[in-house]
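For the sequence shown, this note's numbering begins at 6 and goes up steadily by one. Built from N, CA and C at the ideal position, the CB exists for glycine as well. Below is one structure, written out as structure tokens, with a few remarks after it.
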Amino acid sequence: MSRPFISVVGTIQNGILNELAQGSRSSNGFIDRLLFVMPNNQDKQPWSDKEPTFDIEAAWADIIGRLVELPYETDTDGNIIANILHFAQDAKARLYEWQRQNTEECNREECDALKGVYNKFDFHAIRFCLILQMARWACGEADRTEIDLLSVENAISLVDYFKSTAKKVHGIISEMSLTEQQRDIIAALPDCFTTEEGIAVAKENGMPGRTFQDFLKRSVSLGTYFQREKHGHYSKL
């Protein structure tokens, strides 16, 4: 097989998320390649007695069937010849505009973990565009001559969602990796504090001021423990 590919879908409890980042996985780009789905409401829900108004299983089978049955050509060696789907002019312009914004956000990001995640989204976005265009074609909502603006806009919405879940996941992993010293400092800090007050509390617990400032910036970037209210002023989450 010249182009091996495998898609893995599964579930994982928050309590063992940290195992994904063990060893070199947090630095070799492994965890950056995972797309996390994390609903805001994770409470157990009661069963619903609402019945669908159509045969969902048959409709889904029809959609997948249209995609699987697409004709294709092969070369003399039996390899599939790719069918290139180009972007419409306005769709391409919007994708490039988004990529510039994502690049700026990546360059501003101080957290190395999130910087790696944002880098991967350039490629995720393009894949989302193609998947959405073909899915819309299979549903009878679009053609498959080119990738249109709606597919690009929807792909960008997906990227925004997966960015937010990536921040949540890295926040959970970071929280599980807190040292005892960091936990003591968080507990000792008032609900609202200035940078100077935070440094004073950190030094009382044996942490250098510069180390505390790095911890503070990283936490604000990940959306864990602290949030920035205004310049030099923070509050605990």
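Between residue i and residue j, what straight-line distance do the alpha-carbon atoms span, to the nearest angstrom?
i	j	result
C116	F128	20 Å
V73	R8	17 Å
A207	K235	20 Å
R149	G70	16 Å
G211	F217	10 Å
F59	D165	31 Å
D67	K120	40 Å
L25	L183	16 Å
I17	N84	37 Å
N19	D82	47 Å
E114	G214	21 Å
K55	N107	41 Å
V157	E109	19 Å
E151	Q50	41 Å
W65	E146	15 Å
A140	K97	19 Å
Near residue i, which residues of its chain fall below 6 Å by C-beta distance, leaving aside the five closest residues on each side in sequence?
i	result
L40	F167
A130	A160, V164
A193	V206
If the criterion is Cβ atoms closer than 8 Å, does the pair residue i and residue j meet it?
i	j	result
R99	L154	yes
D196	S224	no
L22	I191	no
N124	C111	yes
V42	T170	yes
Buried or exposed, going by whether 16 or more other CB atoms sit within 10 Å of the CB of residue i?
i	result
H175	buried
Y77	exposed
S243	This structure cannot settle anything about residue 243, because the visible part of the chain is limited to 6 through 242.
L75	exposed
S226	buried
F250	Outside the modelled stretch of the chain, which goes from 6 to 242, sits residue 250, for which no answer is possible.
I61	exposed
F126	buried
F220	buried
A118	buried
Less than 7 Å between C-beta atoms, sequence neighbours within five positions excluded: which residues of the same chain meet that for residue i?
i	result
D95	L154
V122	D37, A171
G237	T199, T200
W142	D148, R149
K222	E115
Kindly list the residues whose CB is nearer than 8 Å to the CB of residue i, restricted to its own chain and excluding five residues on each side of it in sequence; keep chain order.
i	result
L242	G228, T229, Y230, F231, Q232
I86	Y77, E78, T79, D80
Give a yes or no on whether the minimum CB-CB distance between residue i and chain B is below 8 Å.
i	result
I68	The question asks about chain B, but that chain is absent: this structure has only one protein chain.
Inset, instruction - Take every Cβ of the region 174-189, pair it with every Cβ of the region 133-144, and state whether three or more of those distances are shorter than 8 Å. - result: Judged by Cβ distances under 8 Å, the region 174-189 makes no contact with the region 133-144, as fewer than three pairs qualify.
Legend entry - Touch test, the region 146-161 against the region 93-112, Cβ-Cβ under 8 Å, three pairs minimum: Three or more beta-carbon pairs separated by less than 8 Å link the region 146-161 to the region 93-112, which places the two stretches in contact.
Inset, instruction - Count the CB pairs spanning the region 91-100 and the region 194-204 that are closer than 8 Å, and state whether there are at least three. - result: In short, these stretches do not touch, since the Cβ pair count stays below three.
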